[in-house]
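Residue numbers (the working numbering): 270 to 325.
Written below as structure tokens is the structure these notes are about.
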Amino acid sequence: MTNKWLKVALMAAAIATGTSIKIDAETVLYVPQDDRPVSLQYTVDTAREAGMTILT
Numbered sequence: 270m271t272n273k274w275l276k277v278a279l280m281a282a283a284i285a286t287g288t289s290i291k292i293d294a295e296t297v298l299y300v301p302q303d304d305r306p307v308s309l310q311y312t313v314d315t316a317r318e319a320g321m322t323i324l325t
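What follows is the structure in structure tokens.
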């Protein structure tokens, strides 16, 4: 139970202070919710235009 509250407190502190974690990834594994174009193709196209390699 203590571990759960520690996680909540750390997340709240990160949100309150505007802290973010920067991750530079060249390849992204994208798992869409379904195969609708707005869920899959538009997202993949946008990420590819940003220079990322997308694995679906």
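Glycine is no exception: its CB is placed at the ideal position from the N, C-alpha and C atoms.
Could you tell me which of THR296, ASP303, LEU309, ASP304 sits nearest to GLY320, measuring between CA atoms?
-> Here the question's residue 320 lines up with position 51 in the sequence shown. Answer by Cα proximity: THR296.
Going straight from the alpha carbon of GLY287 to that of LEU279, what length do you get?
-> Here residue 287 refers to the residue found at position 18 of the sequence shown. Here residue 279 refers to the residue found at position 10 of the sequence shown. Rounded to the nearest angstrom, the two C-alpha atoms are 12 Å apart.
Report the residue from ILE323, THR271, LEU275, ILE292 whose alpha carbon sits nearest the alpha carbon of PRO301.
-> Working through the sequence shown from its first residue, we reach residue 301 at position 32. Nearest option by C-alpha distance: ILE323.
DSSP three-state call for ILE284: helix, strand or coil?
-> Numbered from its first residue, the sequence shown carries residue 284 at position 15. Note: ILE284 maps to helix in three-state DSSP.
Helix, strand or coil for THR325 per DSSP?
-> Mapped onto the sequence shown, residue 325 falls at position 56. Three-state DSSP puts THR325 in coil, outside helix and strand.
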